[in-house]
Amino acid sequence: MTGLAKWPLKAAAFITGEDFWRGIVAVTVFLIFWEIGSRSEALFGFSFPWVGQVPAPSAVLKEMYRLILEPSFWHSAYLSTARVLEGFFAAMLIGIPLGLAMAVSRTFYGISFPVFEVLRPIPPLAWVPAAIIFWPTQELSIAFVTFLGAFFTIVINVIGGAQSIDVRYFQAARSMGSSTFDVFRRIILPGVLPSIVVGATVGIGITWAVVVAAEMISGGGSAGSMGGAAGGGLGFFIWNSYVGGSYTQIVAGMISIGVAGYISSAILRKVGEWMTPWLAEG
Amino acid sequence: MSIPGVSLQSGRKGGVRIVDAVKMYGSQEAGVLAVDHCTFDVPAGEITVVVGPSGCGKTTLLNAIAGFHSLSSGSIYLDDEMLCGPGKLKAEPGPDRIVVFQNGALFPWKTNIENVAFGPMMQGVMSRKEAYEKARAMMADAGLRGIEDNYPGEISSGVRRRVEIVRALMTDPKILLLDEPYRALDSLTKSVMHEALLEIFYKNRVTIFFITHDLEEAIFLGHRVVIMTTRPCKPKKILDIDIPHPRDYSVLTTKRFREFMDETAAAVHEEATKAFAAGEKER
Chain G
22 MTGLAKWPLK
32 AAAFITGEDF
42 WRGIVAVTVF
52 LIFWEIGSRS
62 EALFGFSFPW
72 VGQVPAPSAV
82 LKEMYRLILE
92 PSFWHSAYLS
102 TARVLEGFFA
112 AMLIGIPLGL
122 AMAVSRTFYG
132 ISFPVFEVLR
142 PIPPLAWVPA
152 AIIFWPTQEL
162 SIAFVTFLGA
172 FFTIVINVIG
182 GAQSIDVRYF
192 QAARSMGSST
202 FDVFRRIILP
212 GVLPSIVVGA
222 TVGIGITWAV
232 VVAAEMISGG
242 GSAGSMGGAA
252 GGGLGFFIWN
262 SYVGGSYTQI
272 VAGMISIGVA
282 GYISSAILRK
292 VGEWMTPWLA
302 EG
Chain S
2 MSIPGVSLQS
12 GRKGGVRIVD
22 AVKMYGSQEA
32 GVLAVDHCTF
42 DVPAGEITVV
52 VGPSGCGKTT
62 LLNAIAGFHS
72 LSSGSIYLDD
82 EMLCGPGKLK
92 AEPGPDRIVV
102 FQNGALFPWK
112 TNIENVAFGP
122 MMQGVMSRKE
132 AYEKARAMMA
142 DAGLRGIEDN
152 YPGEISSGVR
162 RRVEIVRALM
172 TDPKILLLDE
182 PYRALDSLTK
192 SVMHEALLEI
202 FYKNRVTIFF
212 ITHDLEEAIF
222 LGHRVVIMTT
232 RPCKPKKILD
242 IDIPHPRDYS
252 VLTTKRFREF
262 MDETAAAVHE
272 EATKAFAAGE
282 KER
């Protein structure tokens with residue numbers, strides 16, 4: 022209640038705060054250097070390495086403005102977002118119980134951890150060909166690879182979080198008459214929560230990285246799939262821009278992914294703060 | 002099972018008798034002996050302070066009483082009931098023996114009042130409402146008003162320790178087991194905490210088993226001070242401190258207090274030297 026009542030104050034404090042202005046200055050300076058770099062050919066008579074080939078931010082901005090009004094761009098963004106959310110929630114849904122089971126049961130840990138550790142280092146993108154073969158639709162293949170991106174991070178964080186809960190908390194809970202289930206519910210679950218938040222925040226970032234790559238590989242059409250409307254997404258959008266030679270559109274697509282990833286992580290961080298109020302500072 | 006010779010003072014509860022307790026870590030041949038045929042009494046309704054060098058095995062003894070670890074042999078009784086002994090070397094943890102831990106064990110994810118109300122709710126002896134009412138009253142009684150809805154991370158470590166002691170008292174334990182609870186506190190805070198603990202003790206008359214390596218703290222608080230040898234630990238000297246309770250900080254400057262200090266300082270210093278030398282050898 023008080024938290025809700027305070028938010029306009031908090032927002033005001035944020036805008037007048039140092040961090041906010043530091044952020045604004047940082048982004049502005051970055052854009053200025055980028056703009057100068059992109060125009061280096063015209064300004065200095067020679068092209069800066071790498072940045073000289075990149076479209077200028079002004080051009081990208083113009084392109085983004087055009088894209089914002091374009092339904093097909095939003096459709097791509099929607100497809101990618103949907104896949105990220107599918108993969109992410111599936112990873113949470115399967116990863117959290119699995120991690121908890123591995124942390125709680127020594128036997129289960131002994132059985133599952135070696136397999137888990139062998140599979141974990143395999144990059145999600147290395148799964149793409151196998152995923153395309155084993156899953157009936159292209160959509161499912163992409164969702165599966167996306168799922169893997171977040172899954173391992175979440176599981177590892179849950180295990181680590183549960184194992185790092187201080188033994189004193191268990192002893193204290195036991196002394197005060199807690200049952201095994203009480204210990205699980207009131208000690209292990211809240212004790213693991215901060216690690217779940219970290220795992221989820223990192224995991225959703227990986228999910229964005231993976232979904233885009235998977236979309237680039239799997240392409241845009243319904244070729245070879247039974248799903249009909251499969252393919253597309255921001256990854257395909259960028260790839261398509263590359264094939265079509267629209268460099269501003271490539272950069273605009275990249276930035277939209279960056280923004281989407283930033284928003285996802287920010288939302289998760291907020292949800293995390295709300296779920297772990299005892300970690301709040303001050 | 003009744004034990005001959007345990008003096009139950011005027012019906013007070015929480016007397017502990019430790020009989021020939023041995024704790025060996027590791028195997029029979031290569032193991033480390035932590036507790037060596039240790040026998041002494043913790044009289045009911047009194048404060049017994051165990052003093053010994055760090056790592057001497059005092060905490061091992063406390064863990065055996067609390068039921069967190071097993072003994073290798075020997076037995077421990079609480080009043081006339083065997084906690085652990087031959088055939089059952091590990092006691093069951095229970096709300097009649099609550100530990101206040103060295104670094105504190107308030108659940109950081111629960112507010113202070115949730116922490117204090119935790120025990121009775123877990124045991125199902127009180128409804129949520131009753132537990133909160135009792136918790137609120139007991140916290141107010143201990144001078145802990147106004148921090149009920151804060152998290153333990155938001156209050157100072159001295160106040161945290163007081164909350165934890167109140168949490169321990171909520172379950173009406175027979176004995177409080179305090180494992181160097183004030184170790185991390187500065188000496189000024191410590192002196193405040195000692196008087197607060199005594200105040201709580203005078204109100205509740207719960208038996209207290211207190212571990213420390215601070216001799217002054219031991220003599221100031223204890224009815225009985227048990228000085229331990231360095232590892233393996235067993236009682237080297239047991240003193241009954243006849244300075245009358247209730248005590249306050251003026252006791253520290255009395256002649257009797259200095260006499261107790263003089264009497265024990267040599268013994269404690271000798272063991273500390275041994276512990277130091279042993280530590281040097283290990284390295």
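Each protein sequence line maps, in turn, to chains G and S. The working numbering numbers the first residue of the first sequence as 22 and each following residue consecutively. The working numbering numbers the first residue of the second sequence as 2 and each following residue consecutively. Don't be surprised by glycine CBs; every beta carbon is placed ideally from N, CA and C. Keep in mind that this is a model prediction, so the values were computed, not measured.
(message) Residues in the same chain with beta-carbon distance under 6 Å from S/D97, minus the five sequence neighbours each way, listed in chain order, please.
(response) P174 and K175
(message) Is there a C-beta anywhere in chain S that falls below 8 Å from the one on G/W295?
(response) Output row for G/W295: interface = no.
(request) Return helix, strand or coil for S/G125, following the three-state DSSP convention. (result) coil
(request) Please list the residues of the stretch 133-161 of chain S that have a C-beta atom closer than 7 Å to any C-beta atom in chain G, keeping them in chain order. (result) Against chain G - using a Cβ distance shorter than 7 Å - the residues of the stretch 133-161 of chain S are Y152 and G154.
(message) Taking CB distances under 8 Å as the criterion, tell me whether G/A183 reaches chain S.
(response) no
(request) Look up S/V160 in the DSSP assignment and say whether it is helix, strand or coil. (result) helix
(message) Suppose you measure from the CA of S/M122 to the CA of G/S200; what does that come to, to the nearest Å?
(response) 11 Å
(request) Can you give me the start and stop residues for the beta strand (DSSP E) that G/A194 sits inside? (result) Counting along the chain, G/A194 falls outside any beta strand (DSSP E), though it belongs to the alpha helix (DSSP H) covering V188 to S196.
(message) Taking 8 Å as the limit between beta carbons, can you name the residues of its chain near G/T222, skipping five residues before and five after?
(response) Counting only Cβ-Cβ distances below 8 Å, and skipping sequence neighbours, we find S286, L289, R290 and G293.
(request) Please list the partners that S/I99 has in chain G, where partner means a Cβ-to-Cβ separation under 9 Å. (result) A193, S196 and M197
(request) Going by DSSP, name the residue or residues bridged to S/E82. (result) S/L79
(request) Give a yes or no on whether 8 Å exceeds the smallest Cβ distance from G/Y13 to chain S. (result) Look at the range of chain G in this structure, 22 to 303, and you will see that residue 13 of chain G is not part of it.
(request) Taking all protein chains shown into account, decide if G/G170 is buried (16 or more other Cβ within 10 angstroms of its Cβ) or exposed. (result) buried
(request) Alpha carbon to alpha carbon, how far is G/R189 from S/A268? Give it in angstroms, no decimals. (result) 32 Å
(message) Short of 7 Å in beta carbon distance, which residues of its chain neighbour G/W156, apart from the five on each side in sequence? Order them along the chain.
(response) S162 and F165
(message) Just checking: is the beta-carbon of G/P211 within a distance shorter than 8 Å of some beta-carbon in chain S?
(response) yes
(message) Which residues in chain S have a C-beta closer than 7 Å to the C-beta of G/W299? List them in chain order.
(response) P109, W110, Y152 and G154
(message) Under 8 Å, with one C-beta from each stretch per pair, do the stretch 52-70 of chain S and the stretch 18-25 of chain S reach the 3-pair mark?
(response) yes
(message) Since S/D241 and S/R225 should fall inside the 8 Å C-beta cutoff, what is the C-beta to C-beta distance between them, to a whole number of angstroms?
(response) 5 Å
(message) Let me make sure I understand the geometry here. Which of S/R161, S/A197 and S/E115 has the alpha-carbon closest to that of S/D142?
(response) Proximity to S/D142 across S/R161, S/A197 and S/E115 peaks at S/A197, based on C-alpha coordinates.
(message) Which residues of the stretch 192-206 of chain S have a Cβ closer than 8 Å to any Cβ of chain G? Give them in chain order.
(response) Cβ proximity to chain G below 8 Å picks out nothing from the stretch 192-206 of chain S.
(message) When you compare the CB of S/M123 with every CB in chain G, is at least one pair closer than 8 Å?
(response) Taking Cβ atoms only, chain G reaches closer than 8 Å to S/M123, which makes this a yes.
(request) Reducing DSSP to helix, strand and coil, say where S/D180 ends up. (result) strand
(request) Assign G/F109 to one of two classes, buried (16 or more other C-beta atoms within 10 Å of its C-beta) or exposed (fewer than that). (result) buried
(request) Answer yes or no: does any C-beta atom of chain G fall closer than 8 Å to that of S/G27? (result) no
(request) Tell me whether G/R207 is buried or exposed, calling it buried when 16 or more other Cβ atoms sit within 10 Å of its Cβ. (result) buried
(message) So if DSSP puts S/P236 in a beta bridge, which residue, or which two residues, is it bridged to?
(response) Beta-bridge pairing links S/P236 to S/M229.
(message) Quick check on the burial criterion: 16 or more other C-beta atoms within 10 angstroms. Buried or exposed for S/Y183?
(response) buried
(request) Could you have a look at S/K204 and say whether DSSP puts it in helix, strand or coil? (result) The answer is helix: DSSP assigns S/K204 an H, G or I state.
(message) Rounded to the nearest angstrom, what separates S/V36 and S/C234 at their Cα positions?
(response) 5 Å
(request) In the DSSP assignment, find the unbroken alpha helix (DSSP H) run with S/D249 in it and report its ends. (result) Where S/D249 is concerned, there is no enclosing alpha helix (DSSP H), given that its DSSP letter is neither H nor E.
(message) In this structure, how does DSSP classify S/A35 when only helix, strand and coil are distinguished?
(response) strand
(message) Can you list, in chain order, the residues of its chain with a C-beta nearer than 7 Å to that of S/G285? Leave out the 5 residues immediately preceding and following it.
(response) Residue 285 of chain S falls outside the range modelled here, since chain S spans only 2 to 284, and no answer is possible.
(message) Here's the rule: buried if 16 or more other CB atoms are within 10 angstroms of the residue's CB, otherwise exposed. What is S/D180?
(response) buried
(request) Could you check which residue in S/K89, S/E30 and S/V17 has the C-alpha nearest to that of S/V50? (result) S/V17
(request) Excluding the 5 residues preceding and the 5 following S/E131 in the sequence, name in chain order all residues of the same chain whose CB lies nearer than 8 Å to its CB. (result) Closer than 8 Å at Cβ, skipping near neighbours: P121.
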